[in-house]
Amino acid sequence: SLLGRPELALLLVGIISILYSALRFYKMLPYLKKFSSDSD
């Protein structure tokens, strides 16, 4: 089971957190582009 392997659970948590932050950054990209184009 997953609970029997702490390193596997840690790996899963790490992957999920990386995906989450990448998704959040991806959603922020249009705003960053708009902001940079507005400052031009």
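What the sequence shown shows, in my numbering, is residues 73 to 112, in sequence order.
Yeah, the Cβ is synthetic: ideal placement off N, Cα and C, and Gly gets one too.
Since we're looking at a predicted model, the values are computed, not measured.
According to DSSP, is Arg77 helix, strand or coil? coil
Which value, in whole angstroms, describes the spacing of the CA atoms of Leu101 and Ala81? 30 angstroms
From the beta carbon of Lys99, is the nearest beta carbon of chain C less than 8 angstroms away? No chain C is part of this structure, which consists of one protein chain only.
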